[in-house]
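The sequence shown lines up with residues 28 to 384 when you count with this note's numbering. Glycine residues also receive a C-beta, built at the ideal position from the N, C-alpha and C atoms. All values reported here derive from a predicted model rather than from experimental measurement. Quick notes on the structure that follows.
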Amino acid sequence: MTNQEPSRRPRVIADSEQLAKVTRHRSAGPGAALFALGLIAVGVAVAVFAKLTPVAASNTAAQVDLLFNTMLGIAAAIFLLVESSLIYFAFRYRRKAGEMGDGRPIHGSNRLEIAWTIMPALIVLWLGTYSYQILTNIRQAAPGGGMTVEVTGRQFQWEFFYPAYNVRTVNDLRLPRGEAVSLKIVATDVLHSLWVPALRIKQDAVPGRQNAMNFIAEANGVFPIRCAELCGAGHSRMIGSVTIQEAADFQVWVAEQQAKPAADAPTLITQYGCPACHTLTAVGAAGLVGPNLDGLGARAGEAVEGLSAEDYIRQSITDPNAHVAEGFQPGVMPQDFGTRMTPEELTTLVNFLLEQK
Ligand code: CUA
């Protein structure tokens with residue numbers, strides 16, 4: 028312990044003249060200026076040429092893409108600056124063969140610290156202002172007057188209701204091209220987030236409040252809808268699609284929906300989002316959150332003593348906490364199916380499930 032190698036001890040520079048010699052400012056020179064220009068050129072090229080976003084299907088998409096690419100360009104330049112400096116310094120000041128001592132105890136450079144505090148602060152302030160401007164533009168992109176679609180997020184489906192046409196769909200949003208649309212977004216249980224990458228929309232669905240998104244759909248096609256907020260065990264199945272079509276085709280679709288006869292059981296099962304949680308081979312459902320419904324008709328009669336198979340199934344839909352199947356938790360299944368389904372729909376579903384043997 029006492030015979031420590033002297034060369035391993037740090038050389039503390041106490042003399043101020045000597046310190047000034049070690050840490051004196053050296054001009055960065057033309058190389059650094061060229062390097063900075065190169066970084067800026069790369070950043071600009073990334074901002075101009077990068078294409079990481081999907082089809083732009085709404086009138087607000089271009090502004091969002093411009094903001095995204097601007098941030099990407101700035102990030103690319105900063106990334107290259109940091110990583111290339113890291114690699115340069117790692118080589119330039121690496122420990123050479125036979126060198127056993129510690130580095131010089133150099134501390135602080137006011138110029139450098141002021142520069143790397145002020146520059147990011149300015150960049151972030153500017154990006155914040157710019158983003159806010161775009162958010163304001165988007166909010167005003169189709170102010171009022173457009174077609175309203177009421178969007179409800181719940182575990183685990185997106186419901187779309189067109190009050191003007193009295194049409195309701197699940198996970199299937201249809202929009203006419205070229206017309207102003209206002210989505211009124213709510214949630215009934217927990218936080219969800221309506222994410223439609225092609226429309227550049229990602230808006231939280233919050234229980235107890237309504238969020239609006241206004242825009243004009245501009246490109247025909249079918250684009251994915253996702254839930255972008257972890258909302259429970261069926262979150263990954265909370266998916267759908269938006270179909271944008273010509274106004275005339277949209278009206279044909281509306282008329283079809285209005286003329287549709289009472290839905291059959293498989294349609295109801297999809298409509299009410301059962302496949303997100305239950306397995307039911309007859310309708311191709313493979314959810315694992317709730318009990319498996321295959322063969323339910325054969326065993327429902329023995330599930331609760333004194334309760335008929337029919338009453339057991341009916342009660343399990345309208346009051347899911349009454350008889351929770353073994354191995355499952357109460358409170359997971361929505362408890363409002365009794366009010367959301369018509370008595371006819373409920374009977375159709377119960378009869379269909381009774382047939383699953
Ligand atoms: Cu709803 Cu994730």
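Is I105 helix, strand or coil when you go by DSSP? Collapsing the DSSP output to three states places I105 in a helix.
For the ligand CUA, is there any heavy atom lying closer than 7 angstroms to the beta carbon of M360? No, the Cβ of M360 stays beyond 7 angstroms of every heavy atom of the ligand CUA.
Test item: CB-CB of G173 and N96 under 8 angstroms: The criterion of a C-beta distance shorter than 8 angstroms is not satisfied by G173 and N96.
Counted within 10 angstroms of its Cβ, other Cβ atoms place M28 as buried (16 or more) or exposed: In this predicted model, M28 has a pLDDT of only 43, less than 50, meaning its place in the structure is not dependable; the value taken from the coordinates is given anyway. M28 sits exposed, since fewer than 16 C-beta atoms from the chains shown fall within 10 Å of its C-beta.
Is I243 close to chain C? Criterion is C-beta to C-beta, closer than 8 angstroms. Absent here is chain C; the protein component of the structure consists of one chain.
Endpoints, the beta strand (DSSP E) within which E186 is located: Q184 to Y189
Would E256 pass as a contact of L218 if the rule is Cβ separation under 8 angstroms? yes
Regarding E256 and the ligand CUA, is the C-beta to nearest heavy atom distance less than 7 angstroms? Within the cutoff, so yes.
Environment of G358 [buried if 16+ CB atoms lie within 10 Å]: Counting Cβ neighbours within 10 Å, G358 comes out exposed, since fewer than 16 surround it.
Inter-stretch contact (C-beta, 8 angstroms, three-pair minimum) for the stretch 279 to 288 and the stretch 180 to 194: yes
Just the Cα atoms here: how many angstroms apart are R341 and T308? Counting only the Cα atoms, T308 lies some 20 angstroms from R341.
Nearest to R367 (by Cα), restricted to the options M98, G259, F106 and D346: D346
Say the cut is 7 angstroms; is the CB of G19 nearer than that to a heavy atom of the ligand CUA? As displayed, the chain neither begins before 28 nor continues past 384, which places residue 19 out of reach and without an answer.
Are the beta-carbon atoms belonging to A292 and T375 less than 8 angstroms from one another? yes
Spatial neighbours of A104 within its chain, please: CB distance less than 7 angstroms, with the 5 preceding and 5 following residues excluded, ordered by chain position. L66, I67, V69 and G70
Nearest neighbour of Q298, chosen from I228, A336 and T179 [CA to CA]: T179
Would G100 be called buried (16 or more neighbouring beta carbons within 10 Å of its own) or exposed? buried
Option in L323, P361 and G354 with minimal Cα separation from K384: L323
What number of angstroms, rounded off, separates the C-alpha of G248 from the C-alpha of F183? 24 angstroms
Relative to the ligand CUA, is the shortest distance from any of its heavy atoms to the C-beta of F183 smaller than 7 angstroms? yes
Contact test: G180 Cβ vs the ligand CUA heavy atom, cutoff 7 angstroms: yes
For A325, collect the residues of the same chain with a Cβ closer than 8 angstroms to its Cβ; drop the 5 residues on either side in sequence, then sort them by chain order. Q383 and K384
Can you tell me whether V75 is buried or exposed? The criterion is at least 16 other CB atoms within 10 Å of its CB, across all chains shown. exposed
With DSSP as the reference, label R236 as helix, strand or coil. coil
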